[in-house]
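Written below as structure tokens is the structure these notes are about.
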Amino acid sequence: MGIKVIVFNLFCFYLPKSFLDYNVYSIIVDIKSIEDSMIVRTRFAPSPTGNLHLGSIRTALFSWLYARHMGGEFILRIEDTDQERSTKEAIDIILESMDWLGLNYEEGPFYQSKRLERYREVADQFIDAGLAYRCNCSKERIDDLRAKQLANKQKPRYDGHCRNKNLPHSNEPYVVRFKNPEDGVVTYDDLILGQISFQNSELDDLVIMRPSGFPTFNFCVVVDDFDMKISHVIRGADHVNNTPRQINIFRALNATPPVYGHVPLILGSDGKLLAKRHGARSVLQYRDDGFLPEAMLNYLVRLGWSHGDQEIFSREEMIKLFDAKDINKAAAAFNQDKLIWLNRHYLKTLAPESLVEGLKKEFADQKIDCSDGPSLVEVIKIQRERSETLREIAAKSHYFYQDFSDYESQAKKHLTRESVKFLAAAKHRFEILPDWTDASLHQILEDVAKEFELKLGVVAQAIRVAMTGSTISPPLNITLRLIGKKRVLERMARALAFIS
Ligand code: GLU
């Protein structure tokens, strides 16, 4: 499409004005390709240098939602040019996190480390066109300059010493610097923060290629956003100061810069920048702690975005309602209680079948073989009302699949000499029960209580301890049903043996 437009432009030059009617235009530029170029394309461009925390994945979510809402495309780009800090492990974490949350992408993952040739090519083109230059200022000179500027209370910036020297390529080390315009203003309308202006006089000639021949961050971002036809850059507010530099590089490419939107950062509940102590942990740690992707997405979308006072958003609703105008300008605060509240909500309301895989993983993490026992759907149904996370459901449900090692000390007091008689009677009734249903198991508990003139609670608590080793469980008849006849009888015998 770009080529066709250039052809068209050149063509126009030689044509009398009257030729420039719709017909001529439609011959040269096919309308479909114009529409293609209008498509919204956003990207998530993380640097794989550590854990992916909530702040980063929230940026990914907003960028993804923007594309999805606009019927556009979303691209994943791994910014791994910092060879020393980028790791394979961090890349895997990014890919796994995107996958867990269902943030799908039309293109990518692209890797900057595989595009080095392209950056060199553009840098050379810039030099040839006089848009960039070689600079061989020594480190000492730069350090000296900086020290002097700081002493004079000036902002440290390169002074353009080599700007007009036209240095040729040499085997001595040099950097390539972008010729930033010396004056004028860079102004842009931030999708989130509104109009922002920077004086060019505040910006210096940015290094775009290092002596090692490696490109620098701001340069790669622009070449990539240009090549990947990114229409909207939605990223963290920590990049606001990079934007005027990037816009200038875009203009040097003779291209229209994308629309930029900077998402405010996330603060801990104490108002300080989110850090480990607030839960700035890897997104995957939340998965491993038993949080549901639905809860996480819902939590993240509300972290700095709102739609009236609605709190619960399904994925489809987020996509439908997401409008960048509703992103708050102020930083959002992390709130663990709200995340838990949302997780409880989704645990209770999602189809139990959709939680099975996650629960299986939790059992595996807790070294419990959940293949011999009740179905996981049953366990979810009975435990989810009383749990915050999948991890908690698993932790509370070991006794359905495996014998507990000992009675909890508080629980032992329910296994008394006096309980032997009714425990033995209950055991007998369990043994001869023809159907193993909630209703008939409940009937047994009632009948035994009646027979021994005891409160139902007294009978139930002793049996609960016999079954689970503890004094807490879901309703006992359901617990008995799920534990299953064979294990129930074994554990009744074990309790009786323990008492005697
Ligand atoms: N790689 C940058 C980061 O992880 C993001 C760059 C961008 O979005 O433009 O912070």
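In our numbering, the protein residues as written are 726 to 1225.
Just so you know, even glycine gets a beta-carbon here, dropped at the ideal spot from N, CA and C.
It should be emphasised that the depicted structure is a prediction, and the values quoted were computed from it without experimental measurement.
Q. Given a threshold of 16 other Cβ atoms within 10 Å of its Cβ, counted over all protein chains shown, does GLU798 qualify as buried or as exposed?
A. Buried: at least 16 other Cβ atoms inside 10 Å.
Q: Compute the Euclidean distance between the alpha carbons of GLU1117 and VAL965, then round it to the nearest angstrom.
A: Going by the C-alpha atoms only, they are around 41 Å apart.
Q. Which whole-angstrom value is the C-beta distance of TYR791 and THR767, which I expect to be below 8 Å?
A. Confirmed, about 5 Å.
Q. In chain order, what residues of the same chain lie with their CB nearer than 8 Å to the CB of TYR747, ignoring the 5 residues before and after it?
A. Its pLDDT being 34, under 50, TYR747 is placed unreliably in this model, and the coordinates cannot settle the point.
Q.
Is the beta carbon of THR1204 closer than 8 Å to that of HIS1139?
A. Contact flag unset, no.
**Q.** Below 5 Å from a heavy atom of the ligand GLU - residues by beta-carbon
**A.** Taken from the N-terminal end onward, the list reads ALA770, PRO771, SER772, GLU804, VAL946 and ARG960.
Q | Collapsed DSSP secondary structure at GLY919 in the structure displayed | A | Of the three classes helix, strand and coil, the one that applies to GLY919 here is strand, per DSSP.
Q: Just tell me which of ILE921, PHE1059 and LEU990 has its CA closest to the CA of MET1021.
A: It is PHE1059 whose Cα lies nearest to the Cα of MET1021.
Q) Grouping DSSP H, G and I as helix and E and B as strand, with all else coil, what is ILE800? A) In the displayed model, ILE800 falls within a strand according to three-state DSSP.
Q: Please list, in chain order, all residues of the same chain as LYS954 whose beta carbon is under 6 Å from its beta carbon, the five residues on each side excluded.
A: Around LYS954: ARG766.
Q. First and last residue of the beta strand (DSSP E) that includes THR767?
A. For THR767, the enclosing beta strand (DSSP E) starts and ends at 766-769.
Q: Over the uninterrupted alpha helix (DSSP H) stretch that includes PRO945, give me the two end residues.
A: Residue identity differs from the one stated: residue 945 is Cys in this sequence, not Pro. Start and end: 942-952.
**Q.** Sufficient close CB pairs (3 or more, under 8 Å) joining the region 896-908 to the region 927-941
**A.** The region 896-908 vs the region 927-941: in contact.
Q) In the DSSP assignment, what are the bridge partners of VAL900? A) Partner(s): CYS860.
Q. Expressed to the nearest angstrom, what Euclidean distance is found between the alpha-carbon atoms of LEU1201 and ILE1093?
A. Going by the C-alpha atoms only, they are around 22 Å apart.
(Q) Can you look up MET934 in the DSSP assignment and give me helix, strand or coil? (A) MET934 falls in the strand class under three-state DSSP.
Q.
Using 8 Å as the cut-off, can you tell me whether the region 1085-1100 makes contact with the region 1119-1130, which would need three or more C-beta pairs spanning the two stretches below that distance?
A. Touching, yes.
Q. When DSSP labels each residue in this structure, what does PHE787 get in the three-state scheme?
A. DSSP places PHE787 in helix when its eight states are reduced to three.
**Q.** PHE835 - containing beta strand (DSSP E), residue span
**A.** First-last of the beta strand (DSSP E) with PHE835: 832-836.
Q) So LEU1072 packs on SER1112, CB below 8 Å; how close in whole Å? A) Between SER1112 and LEU1072 the Cβ distance is about 6 Å, and since that is below 8 Å, they are a contact.
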